[in-house]
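Trainee:
Numbering (my numbering), first residue to last: 25 to 168.
Written out as structure tokens, the structure reads:
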């Protein structure tokens, strides 16, 4: 529920990487969404097939953030699912550390550019940080 641009900060450290994906092009997104859904279900995330389950919400946000990375940065894009005692973290890593995530302003409905807005409305927190030749855009979610 963050207004404006995502803040530049690191995610909390008490998380373990339980799954990761390497995405080179938009065609990989469909299988990525299915694999992420299964990984979240394996970790006990709720699923509704709509947007009320944590898995549903996380898959939507991951798809939006990964699409941004594939579209606006150099491939490959890496996505990591991290799990903590009470939260999940999605970490989307691209190769454009000098380009901070931007909110698309003044676009007509249906013209794209709403991915970060969607992420900020759904996730507990959305932030980013540069790391050498990469940029991490991450989002935190409750486990239940």
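The beta carbon of each residue, even a glycine, is placed where N, CA and C say it ideally should be.
1) Taking 7 Å as the limit between beta carbons, can you name the residues of its chain near residue 143, skipping five residues before and five after?
2) Identify whether residue 96 lies in helix, strand or coil by the three-state DSSP scheme.
3) Identify every residue that forms a DSSP beta bridge with residue 88.
4) Can you list, in chain order, the residues of its chain whose CB lies under 7 Å from that of residue 141, leaving out five sequence neighbours each side?
5) Output needed for residue 146: all residues of its chain with C-beta closer than 6 Å, excluding positions within five of it in sequence on either side, in chain order.
6) May I ask you to list the residues that DSSP assigns as paired with residue 164?
7) Could you compute how far the alpha carbon of residue 101 sits from the alpha carbon of residue 125?
8) Quick one: any contact between the segment 107-115 and the segment 47-56, if contact means 3 or more CB pairs under 8 Å?
9) Check whether the Cβ atoms of residue 39 and residue 107 sit closer than 8 Å, and answer yes or no.
Mentor: Result, derived from the coordinates:
1) Cβ within range, chain order: 85, 88, 89, 150, 163.
2) Residue state, collapsed to three classes: helix.
3) Paired residue(s): none; residue 88 is not in a bridge.
4) For residue 141, where only same-chain residues beyond five positions count, the Cβ hits under 7 Å are 127.
5) Excluding sequence neighbours, residue 146 sits near 81, 85.
6) For residue 164, which the question treats as bridged, DSSP gives the partners 113, 149.
7) Rounded to whole angstroms, residue 101 and residue 125 show a C-alpha spacing of 14 Å.
8) Because the criterion of three Cβ pairs below 8 Å is not met, the segment 107-115 and the segment 47-56 do not touch.
9) Yes.
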